[in-house]
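Residue numbers (the working numbering): 1493 to 1660. From the three backbone atoms N, C-alpha and C, an ideal C-beta is built for every residue, glycine too.
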């Protein structure tokens, strides 16, 4: 039995997964000042986060990034599921970019100097959508050439038997 991923999915899963896993591992030991900064930035865009204590927010974010990164790096996680999780997570990051004042040039999607570090996360959305699409396409069972040839021979024999019966 093969893995639920194809060779074409390995590179995007490794690049995004390693990047996100590393980010999550780096946030695990965030001090109070760093936690307050990350929390303030996120809460400014997503007001519902204001009720979450900064240290708890950063620990939750770190855990989410570690789990998502590990899921992308684990070949047994189906491609569609990994892509959907990545798309949802990166969509939140892209929301920070689109909603936070000063991240984009006025009247444009082009990033300012401050927005460049978040705008780059748009590639994560693209990878996520690509993985989801690939997962949908690959839902059909794969038939190897060997299996296809075997099935064709079996069907040919059955057709030959039927033709002999019909000839009688």
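- Message: Just verifying my parser: in three-state terms, what is the DSSP assignment at residue 1656?
- Response: Here residue 1656 refers to the residue found at position 164 when the chain shown is read from its first residue. It is helical.
- Assigned secondary structure, residue 1493 (DSSP; H/G/I helix, E/B strand, else coil): Here residue 1493 refers to the residue found at position 1 when the chain shown is read from its first residue. Confidence in residue 1493 is poor, its pLDDT being 49 and thus under 50, which makes the residue's placement unreliable; the coordinate value appears in the next sentence. Correct three-state label for residue 1493: coil.
- Item | Residues of its chain near residue 1591, where Cβ-Cβ distance is below 6 Å and the 5 sequence neighbours each way are ignored | By 1-based counting over the chain shown, the position of residue 1591 is 99. Cβ neighbours of residue 1591 beyond the five flanking positions: 1537.
- Rounded C-beta distance between residue 1509 and residue 1564? I'm assuming under 8 Å. Counting from one through the chain shown, the residue named residue 1509 turns up at place 17. Counting from one through the chain shown, the residue named residue 1564 turns up at place 72. Confirmed, Cβ separation roughly 3 Å.
- Task: Count the other C-beta atoms from every protein chain shown that fall within 10 angstroms of the C-beta of residue 1493, then say buried if there are 16 or more, exposed otherwise.
- Result: Numbered from its first residue, the chain shown carries residue 1493 at position 1. Caution is warranted here: a pLDDT of 49 is assigned to residue 1493, below 50, making its placement in the model unreliable, and the coordinate value is therefore given only provisionally. Answer is exposed; the Cβ neighbour count stays below 16.
- Message: Between residue 1509 and chain B, is the shortest Cβ-Cβ distance under 8 Å, so that the two count as touching?
- Response: Protein chain content of the structure displayed is limited to a single chain, and chain B is not contained in it.
- Message: Just to confirm the assignment: which complete alpha helix (DSSP H) runs, minimum length 4, are found wholly within the stretch 1604 to 1644?
- Response: 1608 to 1611 and 1614 to 1629
- Segments assigned beta strand (DSSP E), at least 3 residues, entirely inside the stretch 1544 to 1587: If only uninterrupted beta strand (DSSP E) runs of at least 3 residues are considered, none is enclosed by the stretch 1544 to 1587.
- Item | Closest by C-alpha distance to residue 1567, when choosing among 1557, 1588, 1497 and 1596 | As a working mapping, residue 1567 is identified with position 75 in the chain shown. Nearest option by C-alpha distance: 1497.
- Query: Are the beta-carbon atoms belonging to residue 1619 and residue 1578 less than 8 Å from one another?
  - Reply: Residue 1619 sits at position 127 when you count from the first residue of the chain shown. Residue 1578 sits at position 86 when you count from the first residue of the chain shown. Cβ atoms of residue 1619 and residue 1578: closer than 8 Å.
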